[in-house]
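This note's numbering applies: residue 1030 is where the sequence shown begins, and numbers increase by one.
For every residue, glycine included, the Cβ atom is placed at its ideal position computed from N, Cα and C.
See structure below.
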Amino acid sequence: MLTLFTGQGPRWSHTHLSESQLWRLFRSWLKKARLDPSLYGLHSLRRTFPTHIYQQTGNLRAAQLLLGHASIESTKEYIGTEQAEALEIARKYHL
């Protein structure tokens, strides 16, 4: 599984960020982007990366591996492939 968030600098180079540290970073990023922090959560980050992988490549197995899911069905539900595919069809045919 892919580890996305690790500490910075020589002292922290091999440590994971604590949940509170990650929340502080996340809130600061949202504020810099002028987004309301109450509308977003950390779990949305876990969904976003594999969703973009799937949208760009169409490779559901890669998204499954990145999420660490045993079942491809879990991955489909998790990233909403049916919804994404329906939206793409609607865009393609101007529906």
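In angstroms, rounded to a whole number, what distance separates the CA positions of residue i and residue j?
i, j, result
"E1117", "I1082", "15 Å"
"L1051", "A1092", "23 Å"
"L1064", "S1057", "10 Å"
"S1047", "F1055", "12 Å"
"A1099", "K1105", "12 Å"
"K1060", "P1066", "7 Å"
Would you mind working out which of the options sits nearest residue i, comparing C-alpha positions?
i, options, result
"H1072", "E1102, I1108, R1120", "I1108"
"A1115", "P1066, Q1084, H1045, A1062", "Q1084"
"I1101", "Q1112, K1121, L1089", "L1089"
"L1096", "E1111, T1086, R1075, Q1112", "R1075"
"E1111", "G1087, P1066, A1062, S1067", "G1087"
Review point. Which full runs of the alpha helix (DSSP H) of 4+ residues lie inside the region 1035 to 1114, going along the chain?
Key: 1048 to 1061, 1072 to 1086, 1089 to 1096, 1101 to 1108
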